[in-house]
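To start, the structure itself, in structure tokens.
2 protein chains.
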Amino acid sequence: MAATGRAVRLADVAHLAGVGTSIASRVLNGDPTVSIRPETRERILDAAKTLNYRPNALARGLRLARTMTIGIIINLAYYYENAEILMAVERAAAAAGYLTLIADTADFVGRGEAYRRLLFERRVDGLLIASILVNDEFVRELKQEGLPFVILNRRVRGAGPSASVDDALGMRMAVDHLVELGHTHIGYVAGPVRIDPASRRLVGFRAGMRAAGLPIRSGFVLPCAVDDDAVFRATADLLERRPRPTALIVWSPTAAVPALASVRQSGLRPPEDVSIMSFNESPIARYLNPPLTTVHMPLEEMADAGVHALLRIVDGEHPRSIVARTAPVLVTRGSTGHRGS
Amino acid sequence: MAATGRAVRLADVAHLAGVGTSIASRVLNGDPTVSIRPETRERILDAAKTLNYRPNALARGLRLARTMTIGIIINLAYYYENAEILMAVERAAAAAGYLTLIADTADFVGRGEAYRRLLFERRVDGLLIASILVNDEFVRELKQEGLPFVILNRRVRGAGPSASVDDALGMRMAVDHLVELGHTHIGYVAGPVRIDPASRRLVGFRAGMRAAGLPIRSGFVLPCAVDDDAVFRATADLLERRPRPTALIVWSPTAAVPALASVRQSGLRPPEDVSIMSFNESPIARYLNPPLTTVHMPLEEMADAGVHALLRIVDGEHPRSIVARTAPVLVTRGSTGHRGS
DNA sequence: CTGCGGAAGAAAATCGATTTTCATGGCGGA
DNA sequence: TCCGCCATGAAAATCGATTTTCTTCCGCAG
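From first to last, the protein sequence lines are chains A and B. For the first sequence, our numbering gives the first residue as 469, with consecutive numbering after it. For the second sequence, our numbering gives the first residue as 469, with consecutive numbering after it.
See below:
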């Protein structure tokens with residue numbers, strides 16, 4: 469077995485270089501106020517390299533009150549968008565020299581209460597909140613604790629800075645697309661409309677319909693739970709309206725998969741019988757049958773902006789809420805077509 | 469604004485209770501050797517509750533050489549299976565009182581080198597390695613560093629304990645299923661066969677064919693890269709073989725989506741013209757068109773076992789490699805049918 | 001009355017890095 | 001020759017919690 473070398477400490481480096489730990493520390497951290505003979509500096513740097521020295525993050529964090537770690541509270545259960553957000557956050561954090569600690573909100577009910585530990589144990593310099601389950605009490609605790617945080621992909625009145633995308637605009641683009649194709653009877657599988665960002669998408673849907681001068685027919689907007697089965701049933705319900713919608717928008721691409729299945733189950737063929745599209749892009753969209761038209765939202769930019777806003781707060785600044793400014797992009801694929809085509 | 473209360477320290481609790489920090493610490497941690505007047509104990513516990521005290525994780529970790537955090541090195545880029553593994557790991561860790569720090573292997577090329585920081589800065593008590601990109605040098609460093617680790621979802625000769633599933637068995641079940649349906653010309657979209665676990669799936673495929681007395685025809689096993697486009701093209705290639713395969717197995721459910729699209733693009737209709745199924749279950753499988761037959765592997769049990777093995781190593785034990793023992797389950801759906809049906 | 005033992009709790013060392021405060025030695029100027 | 005200052009670097013305090021090592025103080029037996 470490899471000699472499980474006890475971790476290399478700063479004292480080891482200092483000793484090998486024949487200096488004290490204070491100088492070693494200041495040289496290794498590039499303290500500009502240090503005055504030192506070039507050869508001594510070299511000895512220290514060499515020693516550190518030789519021993520493959522890395523400062524103990526806990527000791528360093530304790531002293532500096534900086535952990536170089538951010539936390540993200542997110543619900544991993546629904547794949548596409550959240551996984552993409554998590555990826556983007558991790559990437560942005562890593563690029564800034566930060567590590568990412570995750571807490572799944574499924575823990576809200578668990579004994580572990582991982583999110584509370586992130587909050588109260590000072591393990592992280594800041595927190596990104598990207599969970600649906602953030603309630604008022606939680607936000608209150610958060611503010612009282614004084615831990616920097618940014619709310620990601622949603623906006624909560626008075627809660628603090630957030631980074632989000634312009635869901636309403638994106639949804640309007642979706643409606644516009646269908647209107648241009650001649651659709652007037654547009655149904656909306658709206659998801660959990662009581663919570664952000666689904667609520668803002670609904671706003672965008674209504675705005676789009678109003679702008680086109682189209683009425684929203686009774687029962688054409690159908691909220692539902694996020695699980696696949698609920699989406700499947702909601703879609704089926706929508707397709708039983710008479711007159712039947714000739715086009716459907718689904719609030720999320722993850723939900724579009726069961727929605728599409730439900731359309732087929734109803735004996736209808738997209739896009740001939742009914743066009744269907746989703747809000748947000750997904751890597752599988754182009755491989756669905758038919759390939760799914762989507763509105764590509766700048767989630768990556770949002771995640772990036774969220775991380776950077778958080779790090780600015782950590783540095784004592786007070787950034788304002790951010791809405792990713794990259795314009796949404798309509799990705800037209802085979803699942804939408806002219807009415808009656 | 470809320471008075472950003474400086475974090476509550478143990479000394480604050482002790483002071484409020486009118487005792488020293490040593491007693492306070494021992495009482496709060498339930499030290500059984502402490503002897504204390506019941507009323508004093510109460511005062512301490514009350515004080516802690518009143519102040520909403522949580523020990524500073526860094527200070528605690530520094531002293532105890534225990535961070536109550538594990539790290540996972542994983543590639544988030546390919547969604548389903550990795551996201552599922554990450555979810556399961558986070559859940560198991562949280563249930564055991566541990567937090568989870570992630571490092572995406574995309575960082576292997578980045579400046580941040582998040583994975584190295586996990587390794588060398590003593591931020592975590594142990595590491596789960598679930599990445600495709602783990603090379604020999606990395607494993608060597610890992611062992612030399614003496615940080616507990618478990619390799620997840622893959623096996624590396626001589627590298628150390630791992631937690632995985634019986635890929636070969638699962639793949640045999642897939643082959644058996646198709647054989648029972650009368651297929652003799654079975655193609656395999658094999659993915660990155662040079663790396664585990666795709667290599668073990670290939671072994672299972674070959675074993676299944678041999679057991680059924682079927683030859684593996686030239687070009688019927690087609691390795692490919694993991695990206696969707698490579699899968700799409702590989703599938704198209706397979707379908708150009710003559711005689712044409714009457715059934716396809718895809719090494720992963722994520723890859724099954726572009727594979728299915730490729731089948732349709734070739735003008736073939738599953739399952740009449742060609743059956744198709746994937747290894748590993750996915751939440752969208754039942755909503756694809758046609759619904760995808762899969763072999764459900766016990767990834768959650770694997771993740772659980774991996775976490776627990778890791779925690780045992782942290783506790784000084786020496787668990788052996790684990791193969792999740794829950795039997796794979798064939799989930800028969802519409803994408804597979806009798807030959808020529 | 002003296003001393004012993006244990007209960008109850010305080011004081012101090014420790015984890016490892018950073019940072020402020022001190023000490024030493026050499027050099028130039030008076 | 002002597003003083004003071006700067007370059008160099010060591011010693012010590014700090015971050016917050018844990019844990020080992022003392023102190024007290026009291027009651028009770030001898």
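We put the beta carbon where it would ideally sit given N, CA and C, even for glycine. Please read all numbers here as calculations on a predicted model, not as lab measurements.
Residues bridged to residue i [DSSP beta-bridge criterion]
i               : result
M745 of chain B : B:I717 and B:T761
V791 of chain B : B:S632
L797 of chain A : It is Val, not Leu, that sits at residue 797 of chain A in the sequence shown. Bridge partners of V797 of chain A: A:H764.
A571 of chain B : B:I541
L620 of chain A : A:A631
P500 of chain A : For P500 of chain A, which the question treats as bridged, DSSP gives no partner whatsoever.
P691 of chain A : A:G659
Terminal residues of the alpha helix (DSSP H) in which residue i lies
i               : result
F700 of chain B : D696 to L707
V657 of chain B : Taken as a continuous stretch (DSSP letters only), V657 of chain B belongs to no alpha helix (DSSP H), being part of the beta strand (DSSP E) at I654 to G659.
F673 of chain A : A666 to A679
A515 of chain B : P506 to L519
V476 of chain B : Where V476 of chain B is concerned, there is no enclosing alpha helix (DSSP H), given that its DSSP letter is neither H nor E.
L530 of chain B : A525 to L532
L615 of chain A : No alpha helix (DSSP H) contains L615 of chain A, which DSSP labels as neither H nor E.
Whole-angstrom distance between residue j and residue i, CA atom to CA atom
i               : j               : result
G529 of chain B : M536 of chain B : 8 Å
N543 of chain A : S667 of chain B : 32 Å
L798 of chain A : G672 of chain B : 43 Å
D664 of chain A : F700 of chain B : 36 Å
P506 of chain A : S490 of chain A : 16 Å
M745 of chain A : R474 of chain A : 58 Å
V725 of chain A : L670 of chain B : 30 Å
V689 of chain B : D705 of chain B : 11 Å
R509 of chain A : D499 of chain A : 12 Å
P766 of chain B : V763 of chain A : 35 Å
E768 of chain A : I553 of chain A : 7 Å
A525 of chain A : A516 of chain A : 16 Å
G614 of chain A : L682 of chain A : 47 Å
N603 of chain B : T761 of chain B : 33 Å
L752 of chain A : V481 of chain A : According to the sequence provided, residue 752 of chain A is Ile. The question's Leu does not apply to it. Whole-angstrom Cα-Cα distance: 51 Å.
F747 of chain B : A492 of chain A : 54 Å
F588 of chain A : I570 of chain A : 14 Å
A598 of chain B : L756 of chain A : 29 Å
R622 of chain A : M770 of chain A : 11 Å
V495 of chain A : D514 of chain A : 12 Å
Buried/exposed call for residue i, threshold 16 Cβ in 10 Å
i               : result
A485 of chain A : buried
R676 of chain B : Sequence check: residue 676 of chain B is Gly here, not Arg. That one is buried.
T703 of chain B : buried
T501 of chain A : exposed
E749 of chain A : buried
R579 of chain B : Confidence at R579 of chain B is low in this model, with a pLDDT of 47, below 50, so the placement of that residue should be treated as unreliable; the coordinate-derived value is given next. R579 of chain B is exposed by the Cβ-count criterion.
T518 of chain B : exposed
R737 of chain B : exposed
A556 of chain A : buried
D772 of chain B : buried
CA nearest to the CA of residue i, picked from the options
i               : options                           : result
R801 of chain B : B:A561, B:P758 and B:H764         : B:P758
R732 of chain A : B:P711, B:L716 and B:R754         : B:R754
H645 of chain B : B:A516, B:R477, B:H806 and B:V476 : B:H806
P523 of chain A : A:N497, A:I540, A:Y583 and A:D572 : A:N497
P660 of chain B : B:P691, B:N603, B:A792 and B:V775 : B:P691
R710 of chain B : B:G687, B:A727 and B:A729         : B:G687
P787 of chain B : B:T652, B:I619, B:F747 and B:L649 : B:I619
G628 of chain A : A:G488, A:L596, A:Y583 and A:T652 : A:L596
A550 of chain A : A:L736, A:I790 and A:V694         : Here residue 550 of chain A turns out to be Asn, not Ala, going by the sequence shown. Considering only alpha carbons, the answer is A:V694.
S632 of chain B : B:T794, B:I790 and B:I541         : B:I790
V592 of chain A : A:P616, A:E609, A:R608 and A:F606 : A:P616
R511 of chain A : A:A527, A:V718 and A:G488         : A:G488
R625 of chain B : B:G638, B:R640, B:R608 and B:Q612 : B:R608
P739 of chain A : A:R622, A:N621 and A:G650         : A:G650
R685 of chain A : A:L610, A:A679 and A:I654         : A:I654
Y566 of chain B : B:G638, B:R534 and B:S803         : B:R534
R674 of chain A : A:D697, A:A698, A:V647 and A:L779 : A:V647
T652 of chain B : B:A582, B:R584 and B:V742         : B:V742
A698 of chain A : A:R531, A:A727, A:Y521 and A:S630 : A:A727
Beta strand (DSSP E) segment containing residue i, residue limits
i               : result
I538 of chain B : T537 to I542
L596 of chain B : G594 to A598
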